[in-house]
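Start counting the sequence shown at 1; every next residue gets the next number (UniProt numbering).
Structure first, then comments.
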Amino acid sequence: MKELNWRGIDLNLLLTFDALFRLKSVSAASKELHLGQPATSYNLKRLRELLGDPLFERQGNKMQPTVRAHEVAPKVQQILSIFTQDILPAEQFEPQNYTGQFIIGVSDYAEQIFGPDIFDTLQKLAPQSKVLLKPVDSANCVTLLEDQDTDLCIGVFQELPNHLNTTFLYREKHLCTFDNKVLNTKLPIQLDTYLDTPQMIITANQELTSQVDSTLEKMGVKRNVVLGTTRFLTIRRMLSGRNLLAVMAEMVGRSELIDDDLVLCDPPIDIPDFDIDMVTLKRNANHPRIQFLTQLVQNLIQDKVRELRLIR
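Okay, here's the thing in structure tokens:
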């Protein structure tokens, strides 16, 4: 493997490499770097000569990184991070003067619960800004952050790469909810009643099973799932007035998404809790605007969780 000849590298080449690696497009990289496409193409030519590798090969309308590019990328990002965070003087972010967008990846139910507070606060502190909320999950989190200029993502994420920062927001647990004017059962609901009552589930994979069914199978019992939906907003209307129950995330149950006439209680089985995290790019950790947004979002969400846990 040809070693990287750092003596032949200048900052423009590193910036070009980083932009191409993230955006996978000469035109998009040129736009971000405020360069003409010929200049970006020339920088790519120099990089290929210095590293003895194509680095980026066109596949369809994308410039896909080679194996060598993936090997070099962490080193380039580390150098740029040191330069921007430790060498250049920190700029001040003035939200009241910001006219750009705050782009946030957020899961469906997190948007319903926390989105209004985030928007209202940003409108107050950065009145000239705009807010864009995008759907996110483990499958598209990295793409949103790297390729779509997303500032941060909020949700449940598994096995994220090392170049992302993960900030714990809160631990979510499960609750049962139902219309007890119909079920007329003592609280908390007992296992036999739970198993005998038809159930609806929120299903991301559009299947009528979840981890709850795996837990029940180990106990040698089975529940009766009769309805599945991907939309949390459906819960209130479907449960009200029906012989039907649902197990859902605590914050959904305690929020205004669920009718006050529906009761909440702990389920009669142990269902593992899960963490809600905020994810950002490590290279942006000291960026003043990102610091402002991440601190604001973290405070708002944690305050909202504490507020909801005090009611119902």
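Glycine included, each C-beta is placed from N, C-alpha and C at the ideal position.
Could you round the C-beta distance between LEU13 and ARG46 to whole angstroms and report it? I think they count as a contact, below 8 Å. That pair is a contact at about 6 Å.
Between the stretch 106-114 and the stretch 61-75, do three or more beta carbon pairs fall short of 8 Å? Using a Cβ-Cβ distance cut-off of 8 Å, the stretch 106-114 and the stretch 61-75 are not in contact, since fewer than three pairs of beta carbons, one from each stretch, lie closer than that value.
DSSP has VAL225 in a bridge; who is on the other side? Beta-bridge analysis with DSSP links VAL225 to GLN199.
Give the single residue among ARG289, GLN302, CYS265, HIS163 whose Cα lies nearest to the Cα of TYR98. Ranking ARG289, GLN302, CYS265, HIS163 by Cα distance to TYR98 puts ARG289 first.
Can you tell me the Cα-Cα spacing of PRO54 and ASN140, whole angstroms? Spanning the two alpha carbons is a distance of roughly 27 Å.
I'd like the span of the alpha helix (DSSP H) that includes THR143, first residue to last. Taken as a continuous stretch (DSSP letters only), the alpha helix (DSSP H) holding THR143 covers 141-147.
Would you mind reading off the limits of the alpha helix (DSSP H) that contains VAL136? Boundaries cannot be given for VAL136, as no alpha helix (DSSP H) includes it and DSSP labels it neither H nor E.
Span of the alpha helix (DSSP H) holding ALA110? Counting along the chain, the alpha helix (DSSP H) containing ALA110 begins and ends at 108-125.
What do you reckon, are the CB atoms on GLN302 and TYR109 nearer than 9 Å? Cβ distance not < 9 Å, so GLN302 and TYR109 don't count as in contact.
N- and C-terminal bounds of the alpha helix (DSSP H) containing GLU172: Unbroken run through GLU172 is the beta strand (DSSP E), 164-172; no alpha helix (DSSP H).
Three or more beta-carbon pairs under 8 Å between the stretch 163-183 and the stretch 120-136, yes or no? Touching, no.
What does the Cβ neighbour count give for PHE274, buried or exposed, with the cut at 16 atoms within 10 Å? In the assembly as shown, PHE274 is an exposed residue. Its beta-carbon has fewer than 16 other beta-carbons within 10 Å.
Nearest CA to the CA of ASP147: which residue from THR230, PHE292, LYS282, SER25? Considering only alpha carbons, the answer is SER25.
Give every residue of the same chain whose Cβ lies closer than 8 Å to the Cβ of ASN261, excluding the five residues on either side of it in the sequence, and list them in chain order. What sits at residue 261 in the sequence shown is Asp, not Asn. Within its own chain, the residues whose Cβ lies closer than 8 Å to the Cβ of ASP261, once the five positions on either side in sequence are excluded, are ASP179, LYS181, SER240, listed in chain order.
Status (buried if at least 16 other CB within 10 Å, exposed otherwise) for THR143: Exposed, by the Cβ-count rule.
Classify LEU293 as helix, strand or coil using the three-state DSSP reduction. Residue state, collapsed to three classes: helix.
Is it the case that the stretch 146-166 contacts the stretch 17-37, given that we only count it when at least three CB pairs across the two stretches are under 8 Å? The stretch 17-37 is in contact with the stretch 146-166.
Boundaries (first-last residue) of the alpha helix (DSSP H) holding GLN77: Looking at the DSSP string, the run of the alpha helix (DSSP H) that includes GLN77 is 67-82.
Taking only three categories from DSSP, how would you classify LEU35? Coil at LEU35, not helix or strand.
Roughly how many whole angstroms lie between the Cα atoms of GLU256 and THR197? In a straight line, the C-alpha of GLU256 is about 24 Å away from that of THR197.
Looking only at its own chain, which residues have a Cβ that is under 7 Å from the Cβ of LEU293, when we skip the five neighbours before and after it? If you ignore the 5 residues before and after LEU293, its C-beta comes within less than 7 Å of the C-beta of PHE102, ASP151, LEU152, all in its own chain and listed in chain order.
If you compare alpha carbons, which of PRO272, ILE276, MET278 is closest to SER210? Closest in C-alpha terms to SER210, from the list PRO272, ILE276, MET278, comes PRO272.
State buried or exposed for MET1, treating a residue as buried only when at least 16 other CB atoms are found within 10 Å of its CB. At MET1, the pLDDT of 47 sits below 50, so the modelled position is not reliable; the number obtained from the coordinates is stated separately. Exposed: under 16 other Cβ atoms inside 10 Å.
Cβ of ASN165 within 9 Å of Cβ of VAL279? Yes.
With a Cβ-Cβ cutoff of 9 Å, do GLN199 and LEU244 count as a contact? In contact: GLN199 and LEU244 (Cβ atoms closer than 9 Å).
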